[in-house]
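Asker: My structure is below; once you've seen it, I'll send some questions.
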Amino acid sequence: MWKNYLKVSFRNLMKRKLYAGINILGLTVAIVSFLAIALYVHHEATYDKIYSDSDRVVRFAQKFVRSGEEQVVAMTPSALVPALMEEIEEVEVATLIFDYSIFSSVLIDAGEGNREETKFAFVDENFFEIFDLELLAGAEGKLLAAPNQIVLTFSAAQRYFQKPLLAVGNTIKVDSKDYQVTGIVSDFPSNSHIDFDFLASFISTRHGKEPQWSPANYYSYAKLIPNSDREAFTSKLDQLVEKYLGEQLRSYGFEVSILYQPLTSIYLGDSQLKEMKPVSDIKNLYIFGSVAFLLIIIGIINYVNLATAESTERNKEVGLRKVLGADRPQLFGQFISESMILSLSGVIFSLLILYLLKGVFEEFSGVSMNLELLLSPLGILLVLSLMLSIGLFSGFYPALILSGMEPLRALGKKITGFASGAWLRRSLVVFQFFVSISLLLSTFIVKKQLDFMQTINLGYEREEVVALNFHYNMGEKYSALKSELERTAAVQSTSLTNSLPIFIQAGYSISPGGDNDKDLMLTGFAVDHEIVKTLNLHLLAGVEFSDQDINQTAAYEENAEMNIILNQAAIRELGWTVEESVGRKVNFNGLISNVKGVVQDFYFNSLHNQVGPLVIFIQPSEANWILAKLPKGNPKENLSKMEDVWKGVYPERPFAFRFLDEEYAQMYQREQNVSRIFQLFSGIAIFIASMGLFGLVSYVAMRRTREISIRKVLGAKATDVLKILSSDFFLLLGLSAMFSIGFGLWFSQEWLSGFAYKTDISPWIYVLAIAFVGLIALLTIGYRTTKVFLQNPAKTLKDE
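Basically the numbering used here = 1-based index in the sequence shown + 285.
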């Protein structure tokens, strides 16, 4: 029986090629989009779940509270991990990571000259017991138990050795120090918040040999024993903190606690200061998941609309089958089999397209797509369930309508009322227009906020400012570099800084003392004398630093005052005006300091956050970056001059530079990816809806061919016919637009709520989105109407 159903269904679809083509194309595009989004969501939702026992792994963070203000920092002291393993029985194993790239790049030499690398970290010997990457070469066991040992990822080993798996036992130089390669491991997965190419033994460092409770520059993790008592663990952790840190930090006015969060919630959880990798917002996954289902629904709607519209053309077929003895279940099975064939075709084509366009999807989403998941048992089950669901949901209502026709009505010339399905088609068209306009509105809103972030005045110059990594052992020759760069006019000015101005995170404090009686936590920007000139910071009061200003280290050693510059936010927190603040004294990190100037607030962090209090102070010994302001003109020429000077001063270090404006844009790469995804899938939604609209208009025009011919004979123009055929659709578009405006207002509020600084959403965005979808609809209807209008009336009316 089913063999006959399939044979007849295939013949019917071959006979109605336009109908079949529109449905297969619409379903294929919808299924490709659904599967692409599903793979993206799976990638994001499974962050850090690739490690064994990831549900038992936690990461620690420090929470500081002072005068009601609190900060949560993802870093902890180096002594925490040994203390956890020795004193808390719920801890099975613990490890720490010292992300060296926060402070500087490293020079790697495997015998062919230095290369600059940034994905470098020191980890302890327990690291691979928690983060169990596949060991490709090397002995099982403690790979990093001794000083000056290093493990490379496979991609790093490929860069330095012709036979990467034979690199074990070789020696490479890291900043001129010899390290022995003890293992080669697989690369970190793309959905891991940890991502390094070089893992050196932590015991090679000073704090690796002698763990301390200060400073807090380390990421600490622990794997808890199975079925551990989390309340007991939390209590013991609080006792540990009180034992080693409580009294000491209270003497400085701080209350401190150590928090922990599950490893698998880091990426989609609350962002903390000094995160190893930018986190994401789980709301994005809900949004994309909703988009995936909406696109599938639009594809199903196309089928339902076309099938119910076509029911008026298949009424005689149904009537004849019933007269010849076919019952309703048989007819129902016949029509369901047609939808199943279309669904199966859509799935097959979509899988082929997905494999062919894998690179395109990865470029749009910014994440790697593991298509092997679709070949796993769960993936196959998902694809089969998707195919069956689409076939059943799309075919159920048309099959129910067609199989339920009475023979006499079915053999009549016209079907009216419920069986015609007009009311359902109108509702579904409204929904399609609503989804298309809503996705387009979402795209416009996201894009406008991103444009706002890229064009906003940050309060400093980021154009034509070049950043170069600065290593502590470069300090002796820096003066020579600076003077030679300025002599050759390659740069206008240079400055040493501890951070790039786009993302400053170092935490400091101002305590009661001098002319101030308040406690204040603030961010610190360690620089040299020329920072104001290099970044063109706007001084509101006072003067910039000079060569006579001493640095922080000298001030501590000589017990002398040093000069600092505060921003407006810090001045407001202290309760001063800009004018009266210059010359006042504050206790900055235990050192009486003079406020030499006040700069206008500038954005030194993500626009997701408010501009907070900032102190700028001289401490070039903490520098990790050289900032160089290029002269106006040809940047290539100036960079060429810089490179020549650089190679003359630092011949052992590659000339690797970054433009500050490009680094700023990179900060919002995730938002850029979201914007591109919205652009892609809003376009797909409009395309699918347009295909369905084209099919509907085609059937309407076909049914009214004689009417159109008569109107043409009586003198009607093509525009008159277009008005007649499009009037109903544009009424439905207007109804959809009203719903879409409501959605747009909600989405703009929800999306922009994650930004402290946001753009204004103009009403013209709504007008543009509605007008664009209306134009696409008009062109679709106009094209099909014109083709019908151009037919010879003599041919269409010859039977009358």
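Every residue, glycine too, gets a C-beta built ideally from N, C-alpha and C.
Ignore the nearest five residues each way along the sequence and tell me which others in V871's own chain have a CB closer than 6 Å to its CB.
Answerer: Taking the first residue of the sequence shown as position 1, residue 871 is located at position 586. I795, G799, N801 and S878, listed in sequence order.
Asker: On the three-pair Cβ rule with 8 Å, is the region 731–747 touching the region 372–387?
Answerer: At 8 Å Cβ cutoff, the stretches do not touch.
Asker: Put I309 into one of helix, strand or coil per three-state DSSP.
Answerer: In the sequence shown, residue 309 corresponds to position 24, counting from 1. In this structure, I309 counts as helix in the three-state DSSP scheme.
Asker: Below 8 Å, can you find three or more Cβ-Cβ pairs linking the region 562–582 to the region 956–966?
Answerer: Yes, they touch.
Asker: Can you list, in chain order, the residues of its chain whose CB lies under 7 Å from that of E948, leaving out five sequence neighbours each side?
Answerer: In the sequence shown, counting from the first residue as 1, residue 948 sits at position 663. A752, L785 and I787, listed in sequence order.
Asker: What are the boundary residues of the alpha helix (DSSP H) that A1001 is part of?
Answerer: The sequence position of residue 1001 within the sequence shown is 716, counting from 1. Counting along the chain, A1001 falls outside any alpha helix (DSSP H), and DSSP gives it neither H nor E.
Asker: What residues are listed by DSSP as bridge partners for K914?
Answerer: By one-based count along the sequence shown, residue 914 stands at place 629. The partner list for K914 (beta bridge, DSSP) reads V750 and S778.
Asker: Can you tell me whether E484 is helix, strand or coil according to DSSP?
Answerer: Position 199 of the sequence shown holds residue 484. One point to set straight first is that residue 484 is Leu, not Glu, in the sequence displayed. In the structure shown, L484 sits in a strand (DSSP, three-state: E or B).
Asker: In chain order, what residues of the same chain lie with their CB nearer than 6 Å to the CB of S489, ignoring the 5 residues before and after it?
Answerer: As a position in the sequence shown, residue 489 is number 204, starting the count at 1. The answer, listed in chain order, is P432 and N433.
Asker: Under the DSSP definition of a beta bridge, which residues are partnered with F902?
Answerer: Residue mapping note: residue 902 aligns to position 617 of the sequence shown, counting from 1. Answer is A811 and I849, bridged to F902.
Asker: Tell me the DSSP secondary structure of R943 in three-state form.
Answerer: As a working note, residue 943 is residue 658 in the sequence shown. R943 falls in the strand class under three-state DSSP.
Asker: Please report the straight-line C-alpha distance between N411 and S505, rounded to a whole angstrom.
Answerer: As a first step, residue 411 must be located in the sequence shown, where it is residue number 126. As a first step, residue 505 must be located in the sequence shown, where it is residue number 220. Those two C-alpha atoms are separated by around 11 Å.
Asker: Quick check on DSSP: helix, strand or coil for Y793?
Answerer: Here residue 793 is taken as the residue at index 508 of the sequence shown, counted from 1. Correct three-state label for Y793: strand.
Asker: Inspect the beta-carbon positions of E402 and S390 and report whether they are closer than 8 Å.
Answerer: Walking along the sequence shown from the start, residue 402 turns up at place 117. Walking along the sequence shown from the start, residue 390 turns up at place 105. In contact: E402 and S390 (Cβ atoms closer than 8 Å).
Asker: R938 bridges to which residues according to DSSP?
Answerer: The residue you call residue 938 lines up with position 653 of the sequence shown. In the DSSP output, where bridge partners are listed per residue, R938 has none listed.
Asker: For the pair the region 1046–1064 and the region 1012–1022, tell me if three or more CB-CB distances fall below 8 Å.
Answerer: The region 1046–1064 is in contact with the region 1012–1022.
Asker: Tell me which same chain residues have a C-beta within less than 7 Å of the C-beta of F416, skipping the five on either side of it?
Answerer: Indexing the sequence shown from 1 puts residue 416 at position 131. Cβ within range, chain order: Y336 and I479.
Asker: Less than 8 Å between the C-beta atoms of G977 and I730, yes or no?
Answerer: Numbered from 1 along the sequence shown, position 692 holds the residue referred to as residue 977. Numbered from 1 along the sequence shown, position 445 holds the residue referred to as residue 730. It is not a contact, given that the beta carbons lie outside the stated cut-off.
Asker: Could you pull the start and end residues of the beta strand (DSSP E) that D463 belongs to?
Answerer: Start at 1 with the first residue of the sequence shown, and residue 463 comes out as number 178. Segment K462 to V470, the beta strand (DSSP E) holding D463.
Asker: Among residues of its own chain, excluding the 5 on either side of A430, which ones have a beta-carbon nearer than 8 Å to its beta-carbon?
Answerer: On the sequence shown, position 145 is the one that residue 430 refers to. Only E410, S486 and I488 meet the Cβ criterion.
Asker: Alpha carbon to alpha carbon, how far is K803 from I850? Give it in angstroms, no decimals.
Answerer: On the sequence shown, residue 850 is found 565 positions in, with the first residue counted as 1. On the sequence shown, residue 803 is found 518 positions in, with the first residue counted as 1. Between I850 and K803, the C-alpha separation is close to 18 Å.
Asker: Residues in its own chain within less than 7 Å of G1067 by CB, not counting five upstream and five downstream?
Answerer: Working through the sequence shown from its first residue, we reach residue 1067 at position 782. Once the five neighbours on either side are set aside, the close Cβ partners of G1067 are L1007.
Asker: Are the region 878–892 and the region 935–948 touching, with three or more C-beta to C-beta distances below 8 Å?
Answerer: Judged by Cβ distances under 8 Å, the region 878–892 makes no contact with the region 935–948, as fewer than three pairs qualify.
Asker: Would DSSP call A695 helix, strand or coil?
Answerer: Within the sequence shown, residue 695 is the residue found at index 410, counting from 1. Residue placement at A695 cannot be trusted, given a pLDDT of 49 that sits under 50; what the coordinates show is reported in the next sentence. It is helical.
Asker: What is the DSSP secondary structure of S705, reduced to helix, strand or coil?
Answerer: Stepping through the sequence shown from its first residue, residue 705 is reached at position 420. Its pLDDT being 48, under 50, S705 is placed unreliably in this model, and the coordinates cannot settle the point.
Asker: Anyone know if the C-beta pair for Q833 and F902 falls short of 8 Å?
Answerer: Stepping through the sequence shown from its first residue, residue 833 is reached at position 548. Stepping through the sequence shown from its first residue, residue 902 is reached at position 617. Not closer than 8 Å, so no.
Asker: Candidates D460, Y888 and V343: which alpha carbon is nearest F522's?
Answerer: Taking the sequence shown and counting its residues from 1, one reaches residue 522 at position 237. The residue asked about is misnamed: residue 522 is Leu in this sequence, not Phe. If we check each option's Cα against that of L522, V343 comes out closest.
Asker: Put K881 into one of helix, strand or coil per three-state DSSP.
Answerer: By one-based count along the sequence shown, residue 881 stands at place 596. In this structure, K881 counts as strand in the three-state DSSP scheme.
Asker: Closer than 8 Å by C-beta to Q546: which residues in its own chain qualify, once you throw out the five before and the five after it? Chain order, please.
Answerer: In the sequence shown, the residue the question calls residue 546 occupies position 261. V343, R344, A346 and G554.
Asker: How about S809 and V900: are their beta carbons less than 8 Å apart?
Answerer: Locating residue 809 in the sequence shown gives position 524, where the first residue counts as 1. Locating residue 900 in the sequence shown gives position 615, where the first residue counts as 1. One point to set straight first is that residue 809 is Gly, not Ser, in the sequence displayed. Yes, they are a contact pair.
Asker: At the level of alpha carbons, what is the spacing between S712 and P511?
Answerer: Taking the sequence shown and counting its residues from 1, the one referred to as residue 712 is at position 427. Taking the sequence shown and counting its residues from 1, the one referred to as residue 511 is at position 226. Roughly 54 Å between the two C-alpha positions.
Asker: Beta-carbon separation of T819 and S778 under 8 Å?
Answerer: On the sequence shown, position 534 is the one that residue 819 refers to. On the sequence shown, position 493 is the one that residue 778 refers to. Yes, these two residues count as a Cβ contact at 8 Å.
Asker: Whose C-beta lies closer than 6 Å to the C-beta of P905 among residues of the same chain, with five residues either side of it excluded?
Answerer: Here residue 905 is taken as the residue at index 620 of the sequence shown, counted from 1. L781 and D813.
Asker: Answer with buried or exposed for I665, where buried requires no fewer than 16 other C-beta atoms within 10 angstroms of its C-beta.
Answerer: Residue mapping note: residue 665 aligns to position 380 of the sequence shown, counting from 1. By the neighbour-count rule (16 or more Cβ atoms within 10 Å), I665 is not buried but exposed.
Asker: Is N758 helix, strand or coil by DSSP?
Answerer: By 1-based counting over the sequence shown, the position of residue 758 is 473. If DSSP states are grouped into helix, strand and coil, N758 belongs with the helices.
Asker: Between N308, S318 and A305, which has its C-alpha nearest A970's C-alpha?
Answerer: To locate residue 970, count along the sequence shown from 1; it is residue 685. Taking only the C-alpha atoms, the option nearest A970 is S318.
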